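As C-alpha cells, the structure follows; a few thoughts come after it.
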Amino acid sequence: MDRMRAPAASTVLILGLLSGGFILFMGAVGMIAAFHEREVVDRFISLGQLLILAAPFITAYFVARQLGERGEGLARTLLAGVIVGLLTALPSAILLLFNSDEFRFLLFLALRLSPFIAATAIAWGRHRAGDDARAVIGLWLLIALLVGIVTFSFALIFEIKGDLRSVLVNINRDWVEVVTFDNRKDLPRGIAAFGAVSIVAGVAGALLQRMPLAPRRALIYGLSLTALIGAFGETARLILQENLERDTIREIFRRDTLRQNAALALFVISTVSGFLWTIYGQRARDSFSGIGHSQRRSLIIVGVIIFVIFMLMLPWLIGRTLSDVAVTIGIFVLMGLGLNIAIGLAGLLDLGYLTNYAVGAYILAVLTSIGPLGLFKGTFTFWMVIPIALLAAMFAGFLFAVPVLRMRGDYLAIATLGFGEIIGKLAISDWLKPLIGGAQGVQAIPKPLFFGTEMKNPEQLYYIVLAASLVMLFVSIRLNNSRTGRQWMAIREDEDVATAMGIDTARAKLLAFTLSAATGGVAGAIFAAKVGTVFPNSFTVFISINVLSLIIVGGIASNPGIVVGAIVLIGMPELLREFSEFRFLLYGALLILMMIKRPQGLIPSKIVTHEHQSGVKPKLAAAD
Amino acid sequence: MFLRVACLIFLLTATALPAFGQPDCDDPIGCVEVGRDDPLVIGAMLVVSGASSALGLDAQGGVELAILARDGLLLGREISLVVEDSLCSAEGGQAAAQRLAADDTIIGVIGTSCSSAAQGALPIISEAGLLMIAPSNTSPSLTNQDHEGGGGHRPGYFRTSPNDLIRSAKAAEFVLTQLGVGALATVHDGDTYTEGASRVMSQKFAELGGEIVFGGAINKGDTDMTAILTEIAASSPDIVYFPLFEPESNFFAAQMATFPGLEDAVMMTAAASFVESFPANTGEAAIGIYMSGPLVSGDAYDAFLLTWQDEFGFSPPSGYHAHAYDGANLLLNAIEAVAVESEDGVLSIGRQALRDALHAVEAYPGLTGELTCYDESPYAGDCGSVTAIAIFRFTEAEVHDGNWPPPVVWNFATDSAG
Amino acid sequence: MFKWKTDEFSWVDFTIDVLRILIVLAVVVGAWNTLSSGRITFAQWVNLFAAGLSQGSIYALIALGYTLVYGILLMINFAHGEVFMAGAFSTVFLAEALNRTGFLNEQPLLAILIMIMFAGLVSMTVAILVERVAYRPLRGSPRLVPLITAIGASFFLQYTFRGLYGSGFKAYPQIKVLQGAISIGGINIPTVQIFVFGSALALMFALYWLVERTRIGKAMRAVSENKEVARLMGIDIDWVILFTFGVGGFLAGSAGVINGMFRPQGVNFFMGFIPGIKAFTAAVLGGIGNIPGAMLGGLFLGVIEAIGPNLVLAGLGIPGANQLKDVIAFTMLVLVLIFRPQGILGERLSETKA
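Residue numbers (the numbering used here), protein chains in the order written: chain A, -6 to 617; chain B, 488 to 905; chain C, 158 to 511.
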C-alpha cells in the first residue's frame, strides 16, 4: 500500500472507512437486524446480509473507477478492493469486541489519553503555524478540557452502564447474529467470517469495474434488478397474483420471497437482456431518432393511447392492495396539483395546506354520515357533497388568505403553518366536539354510490381519484397558460415589479389561495369517503409537509413531476411498510439525497430548467 | 337483520375473492387452505412506527413469544407472522387491513393497537371474512352494535383488552366507595383513547352519584401543565383522573404533586401509563398515585417476563404484551380446533368456524386472567378478563427500586359490589 | 365589475380591520370575564407567568439557533429541534450515570456544567454534520430546496436517534437543590424556574457577547450583511457558517440539559419536534435574524401560552381551553405579522430581503 501514491491511498482509506461507518450506522439504528428478517432470495441471502455485502461491493467499485482514472494496474485495484473490504468490516468488528475485558481496558486507556493527544496535536499544529506560546498553551488547555469532558462522560456512561446494549439498544444479539454470519458463540470466527465476506465483496466490486463495458453493464443491470425484485418481493407478488395462476406464483415465490431458481432465472434473463441492450440498444435509439417527424408523432400518439389504456386498466393489473396505495397516491397527487397553484405558479409558500384537506374531509363527514354526528343521515350523497366541500374549502382558503396577503416568503410560511396547527387543534378540541366529534371523530361515512353500486373497493375509488386528478390537471394546464397564470408568474418572479406593472396582486394571490384550497377540499372529501371515518389525528403538519415535499421532489411547477413525486414519497413508503420502523429514516435520507443530487426535481418543469441553464438566478420558489 | 348482513358479507366475499375454496369447504364465508409444506400465516397490524410505537412493539413481542412458546409450530406447520404497520390512525389501520385482506393465506389478525386504527381496519377485515383480535383497543364503540348511535362493531371483531365501559365503571365505583371522595376532575389529551376514558369515567361517576367539577384537556407534546393545573385547582376537586400516556402523564403527575392548592387531591391515572417507566420517570411524585390498569400477575406471567427479557434484552415497553400474547394464543387455539386436514395433507380452516370458535371461548386461562368472549352488544367480541383489571397504588419501591407491577389495592373481581 | 382594490377602499384592509376588532373584542371580553370571576388568584397568575417565562427561556435558547442560521443563510433550519433533541437525549445517560455515582447531588453545579458541555458538544457535532452533509452542497439553490432538505434531515435525525437509543421515554434524575420553592413577596416560585431563567439568560448574554464583541462574531455579522463583501475581506465564509451552526447547536444542546432540569420527563426521540416549531415561531415573533428578538420572542411565546388559555379562552366559556393554547399562540403570531410584518424587534436584514 505504501507504494500507492498518496491521494489514491487516501481515497481508498476514506471511502473504505465511510463504507465501514455506513455498516456500523445501519447496525446501530437496527436496520441490519430488521432487514435480516426479510429474505431477498429464499434460504440464500437476506436483505440485511445484502446490505453488508453491497457496501464494500459498491464502494470498491467506485474506488476502482477512481484508481482506473489514475491509471493504476489491476493488482493495485484488487488490493484496494481487499482494503475496502477490511475497512468496511473494521468499525463493526470493534463494536463486536466491545464486551471483552481486554478491549474495555484498551478503550478506557484510549478515552483517558485522547484529550492530551488531541490537544497536543492541534496545539502543535498551531505552533507550527506560528502562533505565540501563550495562545498555543491556551488552546491546549481549552481542547484538553473540552475533549476531557466528553471522554470523561463517555467513560462514566460505559462504566456505570456496563453493557453497551443499555445505551445502544440495537447493538443486540440479533445484530451480532447477522454480522458474524451466525457465529455468535464463537466471536473470533464470526469476525473472521465477516471480514472474509466483506473482502470477497470488495474484490468482486473492484473486479466488476475492471470488466469491459458490455458485460459490466449487463451484470450491474442483472444484479440490481434481481436485488430490487427480491427486496420488493411483496409488491412483485401482489402484481403477479393478479395476472398469473396461483401455482405459477408458488414456483416463483415462497410467500414474499423469491425462490432460488426463480432468482437465478431472473438474474440470467436480466443480465442477458442487459447485455443485448448494451450492444444493440444504440442501434435501436439511432433508428428511432432517424425516423421522420410525422412518423414520430404518430408513435407518440400510440404511446399516449397505450398510456391512457394502462391508467384505466391499472386497478385490474395491480390488484386490490396496490390499488389502495394508488388511491392514496391519487389523493396526494390531487393535493399536490392544488398546492402547486399556490407554490409553483404564484410562488406563495403555503405550509398549512392541511387546513383545506381537513375542511373538505369534515364537511363530507358531517353532511353524509349516518352516525350520531351526521346532520342529514344519508340524505346527502357523496356526489352532492363534493361541490359543497369544494366551496367550503375555497371559503376557508379565502378566509385564511386575507390576513396573510401582505406577508412574504418565510413569514407567509410560518403564518400558514400556524393556520394548519390551529385547524388541527380545533378539530381535536372539546369545544367543537358537539359538531365534529372531537377526539372521537366522525364515523359511519357511507361509500359513494355509482348508479346504485357502492364504490367500496379501492379499485372503484381509484376512478374517482383519477377523474378528479384529470379535471384538476386540465384546470392547472389551462391556468398556466391563462392571463391569471401569467400574473401569478409575474408575482412569483418579483412582486414589486408585478405591482408596478398594474397587476392587482392582492386579487391574484387570493385567487391562487382559493383555487389551491378547492382542490385540497376535494382531496379531503375523497379521503373521508375512502376511510369511512374521520379522526382529527389524521390532520397533522405531516400532511402539509408531505404535499410540499412531493412537489419539490417531483419538480416544482411540473405536473408530471407531481405524479412522480407522489409515487416516490407516498407510494414507496407504503410499499416499504415491511420496513415500517425505518420508513421515516429512509424518507428523510431520500429527501436529503434528492435535494443534493437533483434539486430541480425528478421531472423539472421546462421553465425552471430554462432558468437553471441560462444562469438566471432561479427566483422561482425563492419567494423573497 | 343478521341474515341480511351475513348474506351481504357472503356475497361480497364471494365476489371479492376469487374462489380458491375447494369443494369440501362448506363454511358460509369461505376457508383458508394451507398446503402440506406451507406455513400457517398470522397477520398483525400494530403501530410499530411513530410516536406510539412502544404500544405496537410491545404487542408484537407478545405475539412473537406466543408463537415461540409453541416452538414456532402449529399442526406440524411453521407459524409465520406478517406484521403490517397500522400506525395509530384510521387511514393507517385501513391500509394495513387492505394489505392483510388481500393475502388469502392469512388466517387471522392480531391488532390493532389503537382504537382509531381499528375503526378504519374493521370494515375491511370483517368483509374479507377475517377476524381480528385487538390487544389494546378500549373504545366502547368497537363492541357496540348500535350503528345509528355511534357503534362500530362488525362481525369478526374481538379484543382481549378491557372495554372502557367496564373499566371506568369499576374505577368510578372504587373512587366513590373506597376512597369516599365525590368531586372529580378529568384531563385528557385529545387522543381517542384518553378522551374516551375520561368521558366514560365522568359518565359512570355521575351515574353513581359523584360530582364532576372539571373536565379539561391538554395537548400531546405539552410539557408545562401549570395552566391546566391552575384551572383544576380553581375548581378544587377531591380527585383528579388523568388517563394520559407517557410522557404527558409524567409531566402532569410530577407537576401536580407540588402544585399549590392540589396537595390534598387524590391522583389517579389509567392503563395508558401502566408502564414500568412511569413511576421511575415521574419520580417521587408518583408515590401514592392510584391507577386502574391491567392486572397481570402470577407465575405464568413471571415466566413470560423472563422469556421476554431473554429474547429481546429489554423489558416490555408498554402494558399490553400479555393481552397480545393471550390474543395470539386464542387465535392459535381456535385454528387448532377448527382446522380439518384432508387426505392429501391440505389443511382447511373455515373462516366462520374460526369466528364461532372464538365466540365460544369460555374461561380460557390466559396470562391476563380467565378470558370469556361475549357476543352481545355493547360487549360484542369482548374477551377481556374482568379479573384482569384492578386498582394499583404506586409506592416507593416502584419509583426507586424498579419494582413492578405496583401493589394492588382493590381487585375488581373480588372486591367489587356488582 | 367588482373591484378588489380601489384608491378609496381596500377589501383586504377592511377584512383585516374586522379581524383585528373581533380578536381584540374576544380578548377583552374573555379577560374581563375571567378576571371578574376571580377564579384564579393573583399568586396563581404570578406562578403562571413565572412558569411561562421559564418555558419561554427554553424556547428562546432554541430560537437563537434558528435566528443565527437564518441571519446568515436566510434559511429555515427545520432540523434544529432535532439538534436540541440530540443533546438532551444523549445526555440523559450521562445524567443517570452521574446520579448513580452520587456526584449529581454532591456537586450539582459542576455536574450540570459537565452535562451542559457534553450536551452542547453532542448537539454541536450533529448541527455541524447536518450543515456539512446536507446544507453546504445546496448553497445558492432556490429557497425551497434547503427547506425540504431540512425537513428530511429532521426526520432522519429523529429516527436515527430512535434507532440508537430506542423508542421508550427516559427522564433526567431530579436534583435535590433544585427542588422546593423560593418565596418572593409572599409568592412561592419554584427554585428550578429561577435556575432555568438565570442560566438561559447567562447563555444568551454569552452569545450576545460572542456576536458583538469578538472577532468571529464580527465575521458572522459581516457574512450576514453581505457574503461577497465578506469574502473579499478575507473571511472564510464556510468556516463562519460552520461556526454559526456550531454555536446554534451548542445553545440547543444546553437548552436540552436546562430543559431536563426544568421538565425532567419525556426524553425521547420526538421531544425536539414541537419545541422546534415553537422556537421557530418565537424567532419569527421577535423578528427573525435578530438575536435579542429571538430571546424576546421566546419569552413572549412562553408567557402567552401559559396565560392565554386561562385568561381569554376560559373567560369566553370555551371548554378544554388549554387544548387551544397553540391556537392562541399562532393567532398571536399572525396578528403580530399582520401589524408588524418584521416581528416585534424587527429583522436585521429587512431592507435587503423584503
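By construction, the Cβ of each residue, glycine as well, lies at the ideal position given by its N, Cα and C atoms.
This structure is a prediction, so every number in the text was calculated from the model and none was measured.
Within the model, the alpha-carbon separation for Gly444 (chain C) versus Ile173 (chain C) is close to 21 Å.
Nearest Cα to Phe91 (chain A) within the set A:Ile293, A:Asp156 and A:Val140: A:Asp156. In this structure, Gln436 (chain A) places its C-beta atom within 8 Å of the C-beta atom of Gly637 (chain B).
Interface flag for Gln480 (chain C) against chain A is set, since a Cβ pair is found closer than 8 Å. The Cβ of Thr492 (chain A) sits no closer than 8 Å to any Cβ of chain B. Contacts between Asn256 (chain C) and chain B, judged by CB atoms closer than 7 Å, are missing: the closest CB pair is about 11 Å apart. Counted as a single uninterrupted DSSP element, the beta strand (DSSP E) harbouring Ala877 (chain B) occupies residues Ile876 to Arg880. A contact is defined here as three or more CB-CB pairs under 8 Å, and the region 699 to 712 of chain B fails this definition with respect to the region 758 to 769 of chain B. Shortest Cα-Cα distance from Pro566 (chain A) to any of A:Arg576, A:Leu344 and A:Gly66 involves A:Arg576.
Only Arg196 and Ile197 from the region 173 to 197 of chain C bring a Cβ to less than 8 Å from some Cβ of chain B.
About 16 Å separates the Cβ atoms of Pro781 (chain B) and Thr859 (chain B), ruling out a contact at the 8 Å cut-off. With contacts defined as CB atoms closer than 8 Å, Ser146 (chain A) and Ile271 (chain C) qualify as a contacting pair. Proximity of Pro747 (chain B) to chain C, defined by a Cβ-Cβ separation below 8 Å, is satisfied. By the criterion of a C-beta distance shorter than 7 Å, Ile560 (chain A) is surrounded in its chain by Ile322, once the five residues flanking it on both sides are discounted. Exclusion of the five residues before and after Ala256 (chain A) leaves Val34, Thr219 and Gly223 as the residues of its chain whose Cβ lies within less than 7 Å of its Cβ. Taking a C-beta cut-off of 8 Å against chain A, none of the residues of the region 865 to 886 of chain B qualify. Counting other Cβ atoms within 10 Å of its Cβ, Tyr273 (chain A) stays below 16 and is therefore classed as exposed. Sorting A:Leu102, A:Asp94, A:Val140 and A:Val556 by C-alpha distance to the C-alpha of Thr113 (chain A) places A:Val140 at the top.
Think of a sphere of 7 Å around the beta carbon of Gly639 (chain B): the chain A residues whose beta carbon falls inside it are Gln436, in chain order. Within its own chain, the residues whose Cβ lies closer than 6 Å to the Cβ of Tyr777 (chain B), once the five positions on either side in sequence are excluded, are Met755, Ile878 and Arg880, listed in chain order.
Assignment of beta-bridge partners to Asn345 (chain C) by DSSP yields C:Ser340. Under the Cβ distance rule, Val326 (chain A) does not count among the residues neighbouring chain C, no pair being separated by less than 8 Å.
Taking a cut-off of 8 Å on C-beta distances, the region 422 to 433 of chain A touches the region 675 to 682 of chain B, as three or more cross pairs fall below it. If only complete runs of 4 or more residues are kept, the region 398 to 473 of chain C shows the alpha helix (DSSP H) at 430 to 443 and 448 to 465, in order along the chain. Contact check for Ile324 (chain A) against Phe535 (chain A) fails: the beta carbons are separated by 8 Å or more. Chain-ordered, the chain A residues with CB closer than 7 Å to the CB of Phe801 (chain B) read Val162. Within the region 223 to 310 of chain A, the complete alpha helix (DSSP H) runs of at least 4 residues fall at 226 to 236, 239 to 245 and 253 to 283.
Interface flag for Ser247 (chain C) against chain B is unset, since no Cβ pair is found closer than 8 Å.
Inclusion of Gly41 (chain A) and Asn163 (chain A) in the CB contact set at 8 Å is not warranted, their separation being larger than that value.
By the criterion of at least three beta-carbon pairs nearer than 8 Å, the region 253 to 268 of chain A is not in contact with the region 282 to 298 of chain A.
Taking all protein chains in view, the Cβ of His887 (chain B) is surrounded by fewer than 16 other Cβ atoms within 10 Å, so the residue is classified as exposed. Residues are counted here when their Cβ sits less than 9 Å from a Cβ of chain B; for the region 85 to 112 of chain A the count is zero. The residue among B:Ser603, B:His640, B:Thr625 and B:Glu849 with its C-alpha nearest the C-alpha of Tyr807 (chain B) is B:Thr625. For Thr679 (chain B), the chain A residues whose Cβ falls inside 8 Å of its Cβ are Ala432, Gln433, Gly434, Phe528 and Asn530, in order along the chain. Selection B:Gly549, B:Val596, B:Ala582 and B:Leu555 evaluated against Ile822 (chain B) yields B:Val596 as nearest (Cα-Cα). DSSP lists B:Ala672 as the bridge partner or partners of Phe701 (chain B).
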